[in-house]
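When the letters of the first sequence are read in order and numbered with the working numbering, they come out as residues 180 to 672.
A virtual CB, placed ideally from N, CA and C, is assigned to each residue, including glycine.
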Amino acid sequence: MADRTFRLYDSMSRVVKPLELLEPGHLRFYSCGPTVYSYAHIGNFRSFLTGDLIVRTAKELGWRVTWVTNITDVGHLTQDDVADAGGEDRMEKALHSKEGERFSNVWELAEYYGEKYREDWERLNLSEPTVRPKATQHVREQIVMTQALIDKGHAYETPTGVYFDVDSDPDYGKLSGNTRDGLKEAVRDVVLDENKRQQADFALWKKDDKHLMQWFSPWGWGFPGWHIECSAMARAYLGDTIDLHSGGEDNMFPHHECEIAQSEAFTGKPFSSHWVHTRFLQVEGEKMAKSKGNFFTVRDLIEQGFDPLALRYALISVPYGKPLNFTMQSLRDAQGNVERFRECERRIVAALGSMPEGADTPTGTDLERVAGEMLAAMCDDLNTSVAIAKAIEGTKIILRQNELSSADAAAAAWFLRRVEGLLGLWRVTPEDGCADTEPVVDGVTVSEWIERRATAKKNKDFTEADRIREALNAAGVELRDTPGGTTWAKKQV
RNA sequence: GGCGCCGUGCCCAAGUGGUUAAGGGGAAGGUCUGCAAAACCUUUAUCCAGCGGUUCGAAUCCGCUCGGCGCCUCCA
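Below, the structure is given as structure tokens:
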């Protein structure tokens, strides 16, 4: 397994190529995280899930992974509007919105949404990053880097801020394909400013002593430019050159382009060996937008009763490099499939009493083969469609047998753990298991009801048996008669 | 205006030069069952928007036409 190559599309060279590590067996990876001014939506998470899947695949390959994904808790310009120095940024805008009324300041607002973001992250079963730095905790590094860029002649100060001099970087535009000539039009964080040398020059520091979040710097009170935070944090935790950097497709320009310019001008070394960008998702064939009424946050869908793992399934069912058409139907389709993994778990537990640990020697050669194909699919530019198909093929092999032998159950458990590790579409039911606490219906436990129903059935009292089944069903408990007896499961949406 | 993507069965969707075009949903039939549910099995595209070309050979490459979408601006 260790000799497998992990191939990913690289946006810089525009070709699928093996992920090459600076230090063999150790992936250093930075993913752009969200600006926490609101609840994260499913599009945000499609992009974060790409990072998660890369990390999972790398770990299945036995690599050590240092994964940094930031939280941007500083607001940035919503428009290229320098005339109005008190103009709102995204954080301020959120604070002044109806949603934001309950917060007393932007710091509280950022803290709140950052916390909610981590909750969604956990519910969608993303792996924990090694570090999750906040931009506000690294302002000092950003100031140091900005000062150094001035010293090296790559940046200059104006009455409104400090700007990166795009002309000082002959490679500027190498990621996005944008040329300086093509950048006559203003872009994000490219501020209209008479004092700038070039329209395309972008802000490293904005002078603003009225901004709600401000820090003191060699250039007075103000706040850092958006791009510099990622350059500073990536370097702080991962070093001058990293193996891989990811983000949404919209990050390619200007954000990542500017990060490359800053970091490489600062260190004189290549910034990242590999770039991965996740395509946007659409909803019912259209761009997801609040104005279109097809805008979904993760928590909306979960509160509507959808299984978080089904949402995860739907969001990773199409490879990251293609647009994903998210539909309610696809979410319902996903539900039954994540349930299959749980059904496998029930069969295993029924056969062994619990999920066995350390069953690394599968007796099921079929399962071993399928797991290998599943990993191979992920190594092939994260072909999640094929990997999921393989996971399902595995469940069929397991569920085909009505009762598992203990050897087969051990193999099945091993396979489930591969699905868990690589795709995250199944997770062990928690021990303390509030999730699986036995429901009590009308003051009687489900197992007691099952016994009463068995008695009724034995006495051919099918009316009573069906009445019990219906009552439990109405209470959200589904009964399943198997050759080995009756089991139950909570009904899914 | 600049750049780019997509069009595969009823729906979602993998496959991008060569055996029988993955997988999921749905539908139909079957096994099991008192009935149901769950699970499993079987069936469901001689064909990949249309037209033309390259090739021994194309859903996969090239051109055109039609249709849908995205980025370039806050956005993952």
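Cβ pair residue i, residue j closer than 9 Å
i, j, result
"Glu239", "Gly600", "yes"
"Met324", "Leu417", "no"
"Glu199", "Ser425", "no"
"Ala314", "Asn249", "yes"
"Gly254", "Met412", "no"
"Leu206", "Leu423", "yes"
"Ser396", "Arg414", "no"
"Arg225", "Leu604", "no"
"Ala440", "Asp348", "yes"
"Val477", "Ala644", "no"
"Trp454", "Met270", "no"
"Ala570", "Val598", "yes"
"Leu503", "Leu480", "no"
"Arg458", "Gly500", "yes"
"Ile577", "Ser496", "no"
"Pro312", "Val247", "yes"
"Arg183", "Ala555", "yes"
"Ala550", "Gly573", "yes"
"Asp387", "Trp400", "yes"
"Thr236", "Cys558", "yes"
"Ala530", "Ser585", "yes"
"Phe381", "Phe432", "no"
"His456", "Asn473", "no"
"Pro213", "Tyr296", "yes"
"Pro618", "Gly655", "yes"
"Thr642", "Asn581", "no"
First and last residue of the uninterrupted beta strand (DSSP E) at residue i
i, result
"Asp189", "Arg186 to Asp189"
"Ser533", "Segment: none, Ser533 is in no beta strand (DSSP E) and carries neither H nor E."
"Val656", "Val656 to Thr661"
"Gln461", "Leu460 to Val462"
"His456", "Trp454 to Thr457"
"Gly171", "No statement about residue 171 is possible, as the shown extent of the chain runs from 180 to 672 and does not include it."
"Leu423", "Leu423 to Gly427"
DSSP bridge partner residues for residue i (one or two, in chain order)
i, result
"Glu287", "Glu287 pairs with nothing; no bridge assigned."
"Ala589", "For Ala589, which the question treats as bridged, DSSP gives no partner whatsoever."
"Gly664", "Thr661"
"Asp645", "In DSSP, Asp645 forms no bridge with anything."
"His434", "According to DSSP, which records beta bridges pairwise, His434 is partnered with nothing at all."
"Val244", "Leu206"
"Val620", "Val623"
"His220", "Thr476"
"Thr502", "Checking the sequence, you will find Pro at residue 502 rather than Thr. Looking at the DSSP assignment, Pro502 forms no beta bridge with any residue, so it has no partner."
"Pro197", "Arg186"
"Ala568", "Per DSSP, none; premise fails for Ala568."
"Asp512", "In DSSP, Asp512 forms no bridge with anything."
"Phe282", "None, per the DSSP bridge assignment."
"Phe381", "Phe343"
"Lys386", "Gly401"
"Glu465", "Val462"
"Ser451", "Ile421"
"Thr251", "Thr214"
"Lys669", "Val656"
Residue range of the unbroken alpha helix (DSSP H) whose run includes residue i
i, result
"Asp545", "Thr544 to Cys558"
"Trp311", "Correcting the residue identity first, residue 311 is Arg in this sequence and not Trp. Run containing Arg311: none; DSSP gives neither H nor E here."
"Ser716", "A question about residue 716 goes unanswered here, because the residues of the chain that appear run from 180 up to 672."
"Leu391", "No alpha helix (DSSP H) holds Leu391; DSSP gives it neither H nor E."
"Leu490", "Pro487 to Ile495"
"Glu271", "Arg269 to Leu274"
Original post:
Within the chosen definition, does the stretch 626-641 reach the stretch 590-600 through at least 3 CB pairs nearer than 8 Å?
Top reply: No: the two stretches stay apart, fewer than three of their Cβ pairs being nearer than 8 Å.
**OP:** Mind the definition here: the stretch 185-200 touches the stretch 403-416 only if three or more C-beta pairs lie below 8 Å; say whether that holds.
**Re:** When C-beta atoms of the stretch 185-200 are compared with those of the stretch 403-416, fewer than three pairs fall below 8 Å, so the two segments do not count as touching.
**OP:** Answer yes if the stretch 513-530 comes into contact with the stretch 480-498, meaning at least three C-beta pairs across the two stretches below 8 Å, and no otherwise.
**Re:** Counting Cβ pairs under 8 Å, three or more are found: they touch.
Original post:
What are the start and end residues of each continuous alpha helix (DSSP H) run of 4 or more residues lying completely inside the stretch 314-355, in chain order?
Top reply: Taken in chain order, the complete alpha helix (DSSP H) segments of 4 or more residues contained in the stretch 314-355 are 318-330.
**OP:** Take every Cβ of the stretch 520-533, pair it with every Cβ of the stretch 631-650, and state whether three or more of those distances are shorter than 8 Å.
**Re:** By the Cβ test, the stretch 520-533 is not in contact with the stretch 631-650, since fewer than three Cβ pairs between them sit closer than 8 Å.
Subject >> Inter-stretch contact (C-beta, 8 Å, three-pair minimum) for the stretch 457-472 and the stretch 339-355 >> reply: Not touching, per the Cβ criterion.
Original post:
Pairing CB atoms from the stretch 297-312 with CB atoms from the stretch 225-235, are three or more of them under 8 Å?
Top reply: Segments in contact, yes.
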